[in-house]
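Structure record follows, encoded as structure tokens.
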Amino acid sequence: MQAKVLGRVPAVIALLLLAVPALAGDRPLRQYTIEQFVRTVSVGGASFSADETRILFHSNASGVPNVMSVPAAGGPATAITQAPESTYAVAWFPQDDRLLYTRDQGGNELNHLYVRELDGTERDLTPGKTLKAEFVDFTPDGSAFYVVTNEREARAFDVYRYDARTYARSIVFENQLNVYPGPLSRDGRYIALTRPQTSSENEMLLLDLQTSRLVTVSDSRGSWEPQYFDIAGQWLYYLCNAGGEFSRVRRYEIATGRHEEVAAYPWDVMYTDLSHAGRYTITAINEDARTALSIVETATGRPLQLPALPPGDITSVSISRSEKRVALYLSGDRSPRNLYVFTIGDATAVQLTDTLNPEIDPADLVDSTIERFKARDGLEIPNVLFRPLQASAASKAPAIVWVHGGPGGQTRQGYSAVLQYLANHGYVVLGINNRGSSGYGRTFFTADDQKHGREPLWDCVDAKRWLARQDYVDPERIAIVGGSYGGYMVAAALAFEPDEFTAGVNIFGVTNWIRTLESIPAWWEAQRQALYQEIGDPVKQRDQLQAISPLFHAGNIRRPLMVLQGANDPRVLQVESDEIVAAVRKNGVPVEYVVFPDEGHGFSKIPNQIEGYGRMLAFLDRHVKGAGR
Numbered sequence: 006m007q008a009k010v011l012g013r014v015p016a017v018i019a020l021l022l023l024a025v026p027a028l029a030g031d032r033p034l035r036q037y038t039i040e041q042f043v044r045t046v047s048v049g050g051a052s053f054s055a056d057e058t059r060i061l062f063h064s065n066a067s068g069v070p071n072v073m074s075v076p077a078a079g080g081p082a083t084a085i086t087q088a089p090e091s092t093y094a095v096a097w098f099p100q101d102d103r104l105l106y107t108r109d110q111g112g113n114e115l116n117h118l119y120v121r122e123l124d125g126t127e128r129d130l131t132p133g134k135t136l137k138a139e140f141v142d143f144t145p146d147g148s149a150f151y152v153v154t155n156e157r158e159a160r161a162f163d164v165y166r167y168d169a170r171t172y173a174r175s176i177v178f179e180n181q182l183n184v185y186p187g188p189l190s191r192d193g194r195y196i197a198l199t200r201p202q203t204s205s206e207n208e209m210l211l212l213d214l215q216t217s218r219l220v221t222v223s224d225s226r227g228s229w230e231p232q233y234f235d236i237a238g239q240w241l242y243y244l245c246n247a248g249g250e251f252s253r254v255r256r257y258e259i260a261t262g263r264h265e266e267v268a269a270y271p272w273d274v275m276y277t278d279l280s281h282a283g284r285y286t287i288t289a290i291n292e293d294a295r296t297a298l299s300i301v302e303t304a305t306g307r308p309l310q311l312p313a314l315p316p317g318d319i320t321s322v323s324i325s326r327s328e329k330r331v332a333l334y335l336s337g338d339r340s341p342r343n344l345y346v347f348t349i350g351d352a353t354a355v356q357l358t359d360t361l362n363p364e365i366d367p368a369d370l371v372d373s374t375i376e377r378f379k380a381r382d383g384l385e386i387p388n389v390l391f392r393p394l395q396a397s398a399a400s401k402a403p404a405i406v407w408v409h410g411g412p413g414g415q416t417r418q419g420y421s422a423v424l425q426y427l428a429n430h431g432y433v434v435l436g437i438n439n440r441g442s443s444g445y446g447r448t449f450f451t452a453d454d455q456k457h458g459r460e461p462l463w464d465c466v467d468a469k470r471w472l473a474r475q476d477y478v479d480p481e482r483i484a485i486v487g488g489s490y491g492g493y494m495v496a497a498a499l500a501f502e503p504d505e506f507t508a509g510v511n512i513f514g515v516t517n518w519i520r521t522l523e524s525i526p527a528w529w530e531a532q533r534q535a536l537y538q539e540i541g542d543p544v545k546q547r548d549q550l551q552a553i554s555p556l557f558h559a560g561n562i563r564r565p566l567m568v569l570q571g572a573n574d575p576r577v578l579q580v581e582s583d584e585i586v587a588a589v590r591k592n593g594v595p596v597e598y599v600v601f602p603d604e605g606h607g608f609s610k611i612p613n614q615i616e617g618y619g620r621m622l623a624f625l626d627r628h629v630k631g632a633g634r
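The sequence shown begins at 6 in our numbering and counts up one residue at a time.
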């Protein structure tokens with residue numbers, strides 16, 4: 006049984022039919038506009054109401070992410086918020102119909118926590134102009150909840166306990182330790198803390214909030230990520246890669262200080278969680294750029310029997326407080342995330358959203374494949390390839406090396422409107438996971454430390470050369486595109502390897518590491534030294550940072566460049582993009598520059614996505630697809 010529930014904004018541009026050699030089934034491939042691709046709805050979040058009859062989530066069906074609720078039995082979704090700024094669902098209150106959500110201002114990442122009262126009014130629980138707040142969790146009985154904010158000191162996050170009825174609050178952890186707060190035990194006695202050491206290593210500590218006793222839990226070098234406390238408050242469960250390549254599940258006995266192995270896999274565990282009363286354990290594994298998720302009975306380890314579901318990967322799960330119902334998201338390369346719900350024991354699930362624009366036929370989209378090549382030094386580089394249906398040896402296609410953000414991000418399999426849009430319009434897209442990417446082990450992750458602008462960039466060049474060897478790719482028409490750190494790689498490629506790529510698209514990318522590292526947001530203070538270790542110290546290694554910053558080498562750039570930037574970006578300031586654009590224009594090189602005044606580090610509003618990605622394709626068609634023609 007399926008309930009198609011999300012309303013849509015009517016498309017204003019009809020399908021464009023284009024006969025090409027490749028067929029989608031028994032008909033010519035259809036090409037779609039960016040308007041049609043971004044009218045595919047993005048959804049996320051899942052929280053059950055107190056009576057478990059409705060689910061809270063967020064959707065950008067209105068053009069901007071806003072909070073909605075949908076009956077768990079299926080039916081039309083109801084808009085809860087209609088804000089002009091991106092608003093994301095957090096949780097329903099456990100005992101009534103109040104709900105929590107979060108919102109920033111124009112993409113500045115200064116999120117506040119809001120409550121929607123029973124009468125429909127909105128209340129900011131974390132007022133202030135410069136603070137950043139994040140919800141932690143409700144207490145087991147629902148009488149209180151925890152919130153972290155940096156209102157006392159911009160560089161430090163404290164933990165507050167709010168009364169769920171009156172919103173009166175008290176501080177339970179004042180952060181004088183330069184740490185990040187983690188989960189609290191269910192009785193509120195213990196809190197897990199982390200202190201970054203490098204980009205790949207940190208300390209994990211345990212603080213007794215009753216006695217103020219602080220214990221260092223981490224006993225060897227590695228990544229230590231606290232996940233949850235068991236129901237009795239005797240064990241702290243965490244992820245750790247110390248002594249190995251991949252993060253595995255371990256636990257720490259509070260009374261004795263003993264560590265135990267719980268579960269290990271030949272890939273990184275992304276997260277593990279416990280249902281409300283502890284009956285079920287959820288574990289997600291980063292299995293070669295896709296999510297493999299399991300739900301097991303905690304006591305027996307027996308997998309939960311899932312109902313019949315369409316093909317795809319389960320990417321996230323929420324179990325109701327009664328532990329009788331499960332909400333999950335399912336997605337694939339040609340199917341965007343959809344929300345499903347089922348009652349444990351049932352053979353069927355109810356589909357609550359139908360997010361793919363009905364004007365788009367999945368047969369016109371492509372499945373990704375995992376491809377690997379050897380870099381020039383022999384290191385194996387994994388990639389996610391989106392090959393257009395129309396690309397063949399007889400009809401060679403232009404190509405794009407797509408570089409993810411980070412450092413330390415990962416290009417993953419799954420639906421991407423932008424990548425499908427590019428593939429649908431005839432571009433081979435190779436999403437490179439260059440050295441330094443997450444998901445492939447500790448050694449691979451740290452292989453870019455202090456090497457930015459060199460080895461990771463050479464991986465991108467080697468990716469271009471791998472593409473050029475494929476018989477379905479035109480070797481003379483290969484661009485590089487990326488956002489954030491990936492945008493840096495674009496600018497670096499054009500500046501330091503000026504003859505390799507046909508053109509580049511830099512989406513809010515770093516071009517001056519000195520300025521970026523000197524102006525990092527205050528709330529990143531705890532990881533400042535880790536960033537310096539990863540990239541370079543702006544005081545001690547200023548010459549090195551200048552050497553790897555494209556702005557200081559912009560005179561080398563002679564291939565067309567496009568830059569997209571959010572004016573409110575707190576990570577990569579607009580001045581970075583202003584300066585690289587001005588410098589490259591002096592070379593007489595074609596440069597296109599798009600600034601969105603109401604966006605930050607990422608473009609969340611549909612009109613901006615339409616303009617930005619539509620202009621990006623036009624730029625690529627002009628300077629790459631049309632190159633030399």
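Virtual Cβ for every residue (Gly too), placed ideally from N, Cα, C.
*Opposing strand residues paired with Phe234 [DSSP bridges]*: Along the sequence shown, one-based indexing puts residue 234 at 229. For Phe234, which the question treats as bridged, DSSP gives the partners Leu241.
*Locate the alpha helix (DSSP H) running through Gln549, then write down its first and last residues.*
Translated into positions along the sequence shown, residue 549 becomes position 544. Gln549 -> alpha helix (DSSP H) spans 547 to 553.
*Expected contact under 8 Å - CB spacing of Gly541 and Val408 to nearest Å*: Start at 1 with the first residue of the sequence shown, and residue 541 comes out as number 536. Start at 1 with the first residue of the sequence shown, and residue 408 comes out as number 403. Actually they do not touch by this definition, with Cβ atoms about 20 Å apart.
*Sort out for me which residues DSSP pairs Ile512 with in a bridge.*
For the purposes of this step, residue 512 is taken as residue 507 along the sequence shown, with counting starting at 1. According to DSSP, which records beta bridges pairwise, Ile512 is partnered with Gly488, Leu569.
_Glu460 in three-state terms, based on DSSP_ = Here the question's residue 460 lines up with position 455 in the sequence shown. DSSP places Glu460 in helix when its eight states are reduced to three.
*Answer yes or no: does any C-beta atom of chain C fall closer than 8 Å to that of Val600?*
Absent from the structure is chain C; it holds one protein chain and no more.
*Following the continuous beta strand (DSSP E) through Gly283, name the residue where it begins and the one where it ends.*
The count along the sequence shown starts at 1 and reaches residue 283 at position 278. Premise fails: Gly283 is in no beta strand (DSSP E) and is neither H nor E.
*asked:* Given this structure, state the Cα-to-Cα distance separating Glu266 from Asp235, to the nearest angstrom.
replied: Mapped onto the sequence shown, residue 266 falls at position 261. Mapped onto the sequence shown, residue 235 falls at position 230. Approximately 15 Å between the Cα atoms of the pair.
*In whole angstroms, what separates the C-alpha of Leu435 from that of Arg392?*
If you number the sequence shown from 1, residue 435 lands on position 430. If you number the sequence shown from 1, residue 392 lands on position 387. Straight-line Cα distance between these residues: approximately 8 Å.
*Among all the DSSP beta bridges, which residues are the ones paired with Trp97?*
Position 92 of the sequence shown, counted from the start, is the residue given in the question as residue 97. Beta-bridge pairing links Trp97 to Leu104.
_Let me check understanding here. Comparing Cα to Cα, which of Ala282, Arg253, Ala294, Phe501 lies closest to Val274?_
Position 269 of the sequence shown holds residue 274. In terms of Cα proximity to Val274, the closest of Ala282, Arg253, Ala294, Phe501 is Arg253.
*May I ask you to report which of helix, strand or coil DSSP gives Ala27?*
Here residue 27 corresponds to residue number 22 of the sequence shown, with the count starting at 1. Note that Ala27 scores a pLDDT of 47, beneath 50, so its modelled location is shaky and nothing firm can be said.
*Using the rule of at least 16 other Cβ atoms within 10 Å of the residue's Cβ for burial, across every protein chain shown, is Tyr432 buried or exposed?*
For this step, residue 432 is matched to residue 427 along the sequence shown. It is buried - the Cβ of Tyr432 has at least 16 other Cβ atoms within 10 Å.
*asked:* Please state the DSSP three-state secondary structure of Leu384.
replied: Here the question's residue 384 lines up with position 379 in the sequence shown. Residue state, collapsed to three classes: coil.
*Using three-state DSSP, classify Arg13 as helix, strand or coil.*
Here the question's residue 13 lines up with position 8 in the sequence shown. Residue placement at Arg13 is flagged as unreliable, the pLDDT there being 28, under the threshold of 50; the coordinate-derived value follows with that caveat. Three-state DSSP puts Arg13 in coil, outside helix and strand.
*Tell me, please, whether the stretch 253 to 264 touches the stretch 297 to 309 by the rule of three or more beta-carbon pairs shorter than 8 Å.*
no
*Using the C-alpha atoms, what's the distance from Phe62 back to Gly49?*
Here residue 49 refers to the residue found at position 44 of the sequence shown. Here residue 62 refers to the residue found at position 57 of the sequence shown. Approximately 6 Å between the Cα atoms of the pair.
_Option nearest Arg474 by Cα separation, candidates Ala404, Trp97, Ile349_ = Counted from its first residue, the sequence shown places residue 474 at position 469. Ranking the options by Cα distance to Arg474, first place goes to Ala404.
*Val580 classed as buried or exposed, judged by whether at least 16 other C-beta atoms fall within 10 angstroms*: Position 575 of the sequence shown, counting from 1, holds the residue named residue 580. Exposed.
*Compare the Cα-Cα distances from Gly238 to each of Glu230, Leu189, Tyr270 and report the closest residue.*
In the sequence shown, counting from the first residue as 1, residue 238 sits at position 233. Of the listed residues, the one whose Cα sits closest to Gly238 is Leu189.
*In angstroms with no decimal places, state the Cα-to-Cα distance between Leu105 and Gly79.*
One-based indexing of the sequence shown puts residue 105 at position 100. One-based indexing of the sequence shown puts residue 79 at position 74. Leu105 and Gly79: Cα-Cα distance of roughly 22 Å.
*Is it true that the stretch 485 to 499 meets the stretch 108 to 122, where meeting means three or more beta-carbon pairs spaced less than 8 Å apart?*
no
*In whole angstroms, what is the alpha-carbon distance linking Tyr233 and Asp278?*
On the sequence shown, position 228 is the one that residue 233 refers to. On the sequence shown, position 273 is the one that residue 278 refers to. Each residue's alpha carbon lies about 7 Å from the other.
*Does DSSP put Glu90 in a helix, in a strand, or in coil?*
By 1-based counting over the sequence shown, the position of residue 90 is 85. Of the three classes helix, strand and coil, the one that applies to Glu90 here is coil, per DSSP.
*asked:* Is it buried or exposed, Glu604, if we count other Cβ atoms within 10 angstroms and call 16 or more buried?
replied: By 1-based counting over the sequence shown, the position of residue 604 is 599. The residue in question, Glu604, is buried, as its Cβ has 16 or more Cβ neighbours within 10 Å.
*Reduced DSSP secondary structure (H/G/I, E/B, other) of Pro33*: Looking up residue 33 in the sequence shown gives position 28. Here Pro33 sits in strand by DSSP.
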